[in-house]
Amino acid sequence: MIQKFFNWLKQPLGLIASGIVFLALVSAVVYGIWRTQQAPEQPIQFPHKTHVNFGIQCLYCHPGAARGPAAGIPSQAKCWACHNQIVKTRDSALLAPLKDAVLSGKSLEWVPVAIVPDFVHFNHRPHIAAGKNCEECHGDMTKVTVAQNPQDMTMGWCLNCHIKNAGDDQEKLVKLTDCGTCHY
Amino acid sequence: MSEQVSRRDFLKLAGLGAATTAILTGCGPASRYVKREPYQQMPEYNLVGQSTYYATTCRECAAGCGLVVRTYQGRAIKTEGNAHHPLNLGKTCARGQATLHGLYNPDRVQGPSTGSWDAGIQAVADAFKKYKPSEIAFLMGMTPDHLYDLVSDLAQSTGMNAPLRYGALGMFESRATLSKAAENVFGQAGLPWFDVGKAQIVFSFGANFLETWLSPLAYTRGFAGLREKETKLRGTFVQFESRMSATGAKADKWIPIRPGTEGLVALAIGRLVSEIRSGAALPAFANVDPAQVADEAGIKLATLEELASMFVNSNVLAIPGGAALGQTNGLEIAEAVLTLNALSNNFGKPGGVYLSALAPNQEGTSRPASPIEMYDLVEKMKSGAIKALFVHGVNPIFELPKTLGFEAALANVELYSFATFPDETAAKAKYLLPDHHSLESWGYQRVATGVALPVLSGSQPVVSPYYDTRATADVLIAAAQAAGGKFASALPYKDEVDFIQNKVASLVGDASGSFSASDTATFMARFQQYGGWFRNVESLIVPDASKALYNPVKTTKPSFAGNGEFFFVPFVSPTLAEAGANKPWLQELPDPTTTVMWNTWVEINPDMAKELGLANDDRVRITSEAGSVEAFVYLYPAIRPDTVAMPFGQGHTAYGRYAENRGANPADLFGAYYNDAGDLAFAGMKVKIEKISHAVKNGGLSRMESLMGVYGEGLGGEEH
Amino acid sequence: MIRPDEVKMSVEETGKWGMTINQDVCTGCQACVAACAMENNISFVGEEDSGYGRSMHWIRIERFWEGEYPDVRMTPQQPMMCQQCGHATCEPVCPAFATVHSQAEQLNLQVYNRCVGTRYCANNCPYQVRAFNWRDYQRPEPLSNQLNPDVTVRRMGVMEKCTFCIQRIHRAQDTAKSEGREVMDGEFTTACAQACPADAIVFGRVDKPETLVAQITNNGRGTKHLAELGTLPHVTYFKEG
Amino acid sequence: MTETKQKEVDLLALFSDVAPAADAVEQLRLVGVRDDEINVLSGVPVTGAMLGREPHPTNVPKIAMGGAILGFLTGAFLTFVTPYWYPYPIRVSTQAYVPAPPTVIVLFEITMLGMLLSTFVGVFMDSFFPNYRPMKYVPEISDGKIAVFVECESGDQNKIIDLLKKLGAESVKPAEAQHL
Amino acid sequence: MADKKPHDEHSHEEEMRKKHLMLDPLPRGKMNEMVMEAMLEKPTWKFWVVFLVLSFIVAYCLFYKWYVLITKGQGEAGVMRPDYWGIFLVNTVFWIGISHAGTFISAILRVFKAEFRRPFTRIAELMTTFGLVQAGFSVLMHMGRTWLFYWLIPYPNQRMLWPNLHSPLTWDLLAITTYLLSSTMYLFLPLIPDVAMARDRSTGWRKKFYRVLALGFRGTEGEWRHLHNAMNIFAFAIIPVMFSVHTIVSWDFAAATRPGWSSTIYGPYFIVGALHSGMGAAAVVLAVVQGTMKNMKYFVRGEHFDAIGKLMLIISMSWAYFYFNDYIVQWYGGDKWTRIMLHFHEAGPLGWMWFTMLIVNIAIPWAVLWNAKWRSNPWIISVVGIGINVGMWFERYLIVPVSVAINRMPFTWRLYQPGIEVPMGIGTLALFILLYMMASKLIPFIPVWEVQEGQLAHEFKKFGRETVVSVSELE
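Residue numbers (this note's numbering), protein chains in the order written: chain A, 1 to 184; chain B, 185 to 904; chain C, 905 to 1145; chain D, 1146 to 1325; chain E, 1326 to 1800.
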């Protein structure tokens, strides 16, 4: 049986079939890898550019960034507080999920895109305090609708910036490159 | 043929395709991202990404320590001590730390057994109406809290039985005995408070004050004070007990005396001291003969003389407690020890004996029910005098000795349980109406002892209820309203918070406290912020013991039930206590003396064990006249050969996955014998030990310690 | 390429953060153990594994017996946790640099994500204070709600140990920096020291002579455990009296 | 090498012992066959000395030496460079970034690895391994026979065959390249 | 002997020929045929039964159990505090020890031109490679996160995270890699002429297989010269590598701060121990090959067991010396913990292991191997060899999990109880045997050209009335 199968594989048809199978496997793997790199689906296609272009500061909705580790996602009440007053948006179909969520008391399930693994303890506050602007890491929000992660947030990316910022200050360099600064 | 092969091939390919699809689904963004749900309404005092700390009160035992709970995004993360709370000054014990394992325990009761809360409330209201008030009884936890006040009010104005407070911890602490002894010696009932911290020498007669006794944190702090005073020499600590407790382990001198002879020893020391001081025995001590006492207690006379000489020139604080009071002569022992203090004349002085202060809104002393009062309750249940029993905050099937027959008596009553956890009693309830966990609840609680200031400790929810539970106070108020009539008028409150505000109203505007507020709203806000209200006036009661030395103290001999060859000394597990067994990390804490985790053991003196042919981890049956339990043998070097000891805390048949069917409950061995104050003579049993089976490899006790390193077991004996 | 200045030996000897433990007042109550477990997301392992020496305690309380009944006594309880040695024996043996010396905090770091689980560090620790994740210890829902977000939840196959609550150090430093000041003595402490009912554990900066912990450390009565090995431990023990 | 190559033939003479083979080599040389036109194949190592020929040049020791130096340099890179190549200082215990004793170990191991690897590679390079092209060979060689290959002009072919036969060759025939 | 005539030259020579392979030459073609026959012999049903059983053991005990270990964690094994290292590392040390015999036989004996080595160098070298494979597996099994093993390899990654060169484990990795690579190459080089021989004598897939392996080897002067040169370099260079490997393995222990482990003599002690178990294993393998494979009675004779027996005796004596040396220094050192540990070895629950070790490692070899007749007997010497391997495994068991039970923290002392390591260890043993079985069917076990080379070099020579063997150097 197996012998026959192998014989069949040696025929032109078999060769084509095995070629197809091989290609299918390779493309499945490629597709799989590509899939892992895709942006997640968000409950609302939140237009960052619209909000930023209205002049709303990042810290208005993400105030945690100035105070501590997490920037945070604004509460739905905060969203609705404004949108409820704007007639155009109050009944907009685009905002229906928000309206539903607010009225039903359910939560929207946002998916943060700028993430680090759980063994990395990132803290926004010192970065803001050091004069970093949000867009340096998160990209220019005046241009995007749904937030994308413009950086490959790897350890190298963190460290290069840390080293650059430390400059010749040995003490600062030691602090900023200490394993225990982020991993504990 | 080739067609067949290709079909087979196709099938294989199809299978491969399915597998690929499955793999690819896992490759989606979900594999890298997590979903995050924002708050509906951000609480104004919450900040994104910042922890919020709430002050509340620990409910793991009745002491009433202040906690500060760290919460993060609506989850309780960590309990820490409330540094402003005068009782614990920012410290916590292991059980306080593990509270969160109760809050987030996977086995909690998730909702009322009636399905809806309306039905549950209706059921309670029906019970109020269905039965005569005298047929309704409330059994509650030991804590003197707002719910107790609420139920007391309800009972008082409707004629129901006065609520009983009970807990196994109270039974092992023999609170009734201490109170009665105080009454007999000082003429004033109350919970004695021993100022260990400022004492020079402490003689503890069985008191396990570093474990779970009355107010563990306050006494531990006192002990630290005894040991590291800057202004004086390191205090000395002598412990008299038959089995070395975790407290005794810290003693400079540990004196193993026969159970029940603590009072005699105290009196003998008193006699020796008074003879040295004045040449003659004072009347209080005249009844004893030191030589005979030494013989009876199983120690040398020289030891007594040495202790007396230690006593003569200094102030000694003598503390009665623990298994010493759990004897048929427990009251006499307590009186003898309290009287010994009179020799130091330390009543009401730093380093001496006081009676505990009354809490701010407390009218008189009240103590938890003694076992004999519980016995009365059980008898009433049996006789049908009580038809509806409401249980909250206590697990009587587990915490009462089996011999009282509580479980059987339940057949005669309708049981309404407010348990948050599916314990043994809750399993028997007709209606299970779960209360919130203590970290989800409002409330206040009076601190019964442990602090010089009167303290009303406040509780508030630190997280919103995780399950469909409801505050018992709310349930009772709603039920009373539904029942109408005198019930409604007894509890004329909107809800629990309304009741609490009403109760603390007397403190609003009181300027003697840790804060003062002119209106209820401000008072409540501060009350929650600081975790309670503390009167800034030291209010310990100074007992009058002027006559103590001149009244002869009775020297009753203890009587032991049963014909076993061993005295049986049960003690409360310092890490688990009566309700910690459901918390996995408490189970995994090593016992301070034996370092055993997750199980029950019986401590036997190694020499005696050798005589009996017992080795570590052998399985034995311990039999008293009341019953028998099985446990693993632990060869304990610091126990009298005529005594065996067992910890209380395990042996649950319900109570969640971590507690169920684990270890044994020594309370099953207790007989129904009481001392003169009505406390159970839990240490008044004699037991037999028989071996069931040999130790099995890996089947014995989980110990933190190494048998090889600590006991030299298996090392091959002495080195060559 | 960076050429960091070689750190002088004296720094390792004093250390930066230190701890003192008064064994005379330690009652062995296990509050520190529980507090540590709650703060640091330590797994419980169940009866069988804990009895077989696989418990994950970062701090354990040791005690021995002296003498024979009736003159038997328990030796002073000895809480034993990572001593944050200046000359740590665990560090050089890790092939993956998963346990390294923090230059900034002078602590022994355990970088969980770098650990491959050779267990050489634990084997080489004379204090035997490292805990290994022998299995994937699960916390049944909703117990995981209690996890501290400041501390990594370790997974199967990695080593872990006491960190001197480095997350608290970082939080305190961050707060102090945001307020433009230095961290004050007693502003924060480790979970164990915070819980200890007898105040037997004191934690702080040992390199600043004015702090409480430095004063206790330098009073001359303390001993360092196994100091003869030259490990330069940063925990000082005070026996009786 | 001015002759046209088409005329050249390869003769293969099989001998059962070294001595006649050595004689054959000598005689061939006398009749004007150059040393590089003679090739001796054998089933056991037959050295040049046995055949009275110059020993075959080998580069293996040189390559090994080169490999050792390369290995040493790799080791030196690992020990002296990488500790400073981290983007951040990693310190373990109180040990120096480049402690001497471990350095010796690493240098030794990697030097040896480099040397042995390159020795192996040297054999491949010198012997043109692997080589799966058709080659002139007869299986009898591995049976212990000694084969002498002679390149000669077709005109000399018979003369040389005679010569070889006279010297004790078991068989002499034109060699053909074949798949081994 | 007395009645034998010393002048009976013919019978004397006959006897010598019977005894010594080198004096008993056969035509090369005949030897080739014998070796090929041994290899191509149709496997008996017994072979298949053993093969299938071993395959099943490898599949179940090694790979399936490994899967369990990886998915469920090291808790499946018996390791815990303080025995963080268990049987996996015992096996690692054991297999590395076994692997030492191959190099010892083929490199050291080659360097010193010990002629008896010729027929069994390949069999011994295979032991090196196959043993190291098991050692590598055992190390990987030991790791808590096996799938990240590549973090220990120095390669320029994105973060320039190089392994920690301070760690003995990194040295180990470098040394074992070096050793595995070089011993494999050293196995392969002398194999080339033999596979070329097999290529010339086989058909079908084997022909293709050997053709690829033979790399186009024909046997030109140049090829022989390069091969010889390379083998000489290898023979000399691999000896220090071999010593370094087991020394570094011993440093995993000796560089640690464990009582009893910090011993300066551990390096040489481990090397001798490795040779001890390795020679034992070599004797066993040789006996099995001689007993089971066709035509092997010609190639492997009593003289070989005799030689190995002598080596075993010498090594056993050296091992005893080192063991006692280590023991007495530690004992006199007086360190409290070390003394408790030493006492624990003898009088603890595993005291039987300690005594067995001494008996099978010292007493039995000394009692048996002094007798030339006994040590020439394959049965006797394999029993002794198996005993030595059991003893040496016990020795490593005592050094690793039993010694670490005792440390400076008596509160944590605990004795190790093996779990999943036992089946997995059996799995590595099965894989080792399986690899040998497969190799016996795939590659010529006897380096025929080396044997022939040796036979050519040997001849009888007369000194007065005595006929002696004379060996000429052919290089």
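Here a beta-carbon is modelled for each residue, glycine too, at the ideal position from N, C-alpha and C.
* Which residues, in chain order, does the stretch 1529-1555 of chain E contribute to contact with chain D at a C-beta distance below 8 Å? -> Arg1536, Val1537, Ala1539, Leu1540, Gly1541, Phe1542, Arg1543, Gly1544, Thr1545, Glu1546, Gly1547, Glu1548, Trp1549, Arg1550, His1551, Leu1552, His1553, Asn1554, Ala1555
* Asked: Gly716 of chain B lies in the beta strand (DSSP E); which residues open and close that run?
  -> 716-718
* Asked: Name the residues in the stretch 1467-1489 of chain E whose C-beta lies less than 7 Å from a C-beta of chain A; which are they?
  -> Gln1483, Arg1484
* **CA nearest to the CA of Pro727 of chain B, picked from B:Arg259, B:Asn345, B:Phe378** => B:Phe378
* Would you call the CB atoms of Thr1545 of chain E and Leu1159 of chain D closer than 8 Å? -> no
* To do: Ignore the nearest five residues each way along the sequence and tell me which others in Asp860 of chain B's own chain have a CB closer than 6 Å to its CB.
  => Leu515
* What separation, rounded to the nearest whole angstrom, lies between the Cα atoms of Thr177 of chain A and Gly1259 of chain D? -> 34 Å
* Give the interface partners of Met892 of chain B over in chain E, defined as CB-CB distance under 9 Å, in chain order. => Phe1669, Gly1673, Ala1730, Ile1731, Pro1735, Trp1738, Arg1739, Leu1740
* Under 8 Å by beta carbon: chain C residues contacting Pro430 of chain B -> According to the sequence as given, residue 430 of chain B is Ala; it is not Pro. Within chain C, the residues near Ala430 of chain B are Thr931, Gly932, Cys933.
* Asked: Is there contact between the stretch 1701-1718 of chain E and the stretch 1610-1617 of chain E, where contact requires at least three CB pairs shorter than 8 Å?
  -> yes
* **8 Å Cβ cut-off: residues of chain A touching Gln234 of chain B** => Gly64, Arg67, Gly68
* Should Ile1758 of chain E be flagged as near chain B, meaning a C-beta pair shorter than 8 Å? -> no
* How close, in whole Å, do the beta carbons of Ala1104 of chain C and Cys1069 of chain C come, if the pair is a contact with beta carbons under 8 Å? -> Ala1104 of chain C to Cys1069 of chain C, Cβ: 17 Å. No contact.
* Asked: If you measure beta-carbon to beta-carbon, which residues of the stretch 151-177 of chain A are closer than 8 Å to chain E?
  -> Thr154, Met155, Gly156, Leu159
* Using Cβ-Cβ distances below 9 Å, what residues of the stretch 1233-1244 of chain D are close to chain C? -> Tyr1233, Pro1234, Ile1235, Arg1236, Val1237, Ser1238, Thr1239, Gln1240, Ala1241, Tyr1242, Pro1244
* Since Ser1569 of chain E and Tyr1594 of chain E are thought to touch, with beta carbons under 8 Å apart, how far apart are those beta carbons, to the nearest angstrom? -> That belief does not hold up - the Cβ atoms of Ser1569 of chain E and Tyr1594 of chain E are roughly 15 Å apart, past 8 Å.
* Could you check if Cys82 of chain A is buried or exposed, using at least 16 other CB atoms within 10 Å of its CB as the buried criterion? => exposed
* Hey, out of B:Leu617, B:Gln476, B:His836, whose CA is closest to Gly295 of chain B's CA? -> B:Leu617
* To do: Leaving aside the five residues before and after Gln1098 of chain C along the sequence, list all residues of the same chain whose C-beta is less than 7 Å from its C-beta, in chain order.
  => Ala939
* Complete runs of the alpha helix (DSSP H) confined to the stretch 1480-1545 of chain E [at least 4 residues] -> 1493-1513, 1516-1525, 1529-1539
* Kindly indicate which three-state DSSP category Asp909 of chain C falls into: helix, strand or coil? => Here Asp909 of chain C scores only 46 on pLDDT, less than 50, and its place in the model should not be relied on; the value that follows carries that caveat. Coil at Asp909 of chain C, not helix or strand.
* Going along chain D, which residues have a C-beta under 7 Å from Glu995 of chain C? -> Val1237, Ser1238
* Asked: Whose Cβ in chain C lies nearer than 7 Å to the Cβ of Tyr256 of chain B?
  -> Pro1053
* Ignore the nearest five residues each way along the sequence and tell me which others in Val1087 of chain C's own chain have a CB closer than 6 Å to its CB. => Ala1076, Gln1077, Ala1080
* Within the stretch 249-281 of chain B, ranges of the alpha helix (DSSP H) (whole runs, at least 4 residues) -> 278-281
* Asked: When the Cα atoms are used, what is the spatial distance from Ala1692 of chain E to Arg1536 of chain E?
  -> 49 Å
* Asked: Hey, out of D:Pro1190, D:Asp1307, D:Val1249, D:Ile1208, whose CA is closest to Ala1097 of chain D's CA?
  -> Any property of residue 1097 of chain D remains undetermined from this structure, which presents chain D solely from 1146 to 1325.
* **Between the CA atoms of Trp157 of chain A and Pro908 of chain C - distance to the nearest angstrom** => Low local confidence applies: a pLDDT of 45 at Pro908 of chain C is under 50, so the model's placement there is unreliable, with the coordinate-based value given in what follows. Cα-Cα distance, rounded: 20 Å.
* **Cβ neighbour criterion (16 or more within 10 Å) applied to Glu1784 of chain E** => exposed
* Asked: Along chain B, in chain order, which residues have C-beta atoms closer than 7 Å to that of Val116 of chain A?
  -> Under the 7 Å cutoff, chain B gives no residues; its nearest Cβ is about 11 Å from Val116 of chain A.
* Close beta carbons around Thr739 of chain B, own chain, < 8 Å, minus the five adjacent residues each side -> Gly447, Leu448, Leu451, Asn471, Val472, Glu516, Ala520
* Asked: Whole-angstrom Cβ separation of Pro1101 of chain C and Leu401 of chain B, contact assumed at under 8 Å?
  -> 5 Å
* Asked: Can you tell which of E:Pro1368, E:His1491, E:Thr1528, E:Gly1634 has its C-alpha closest to the C-alpha of Ala1581 of chain E?
  -> E:His1491
* To do: Kindly indicate which residue of B:Pro317, B:Ala360, B:Gly258 has the alpha-carbon position closest to the one of Gln1050 of chain C.
  => B:Gly258
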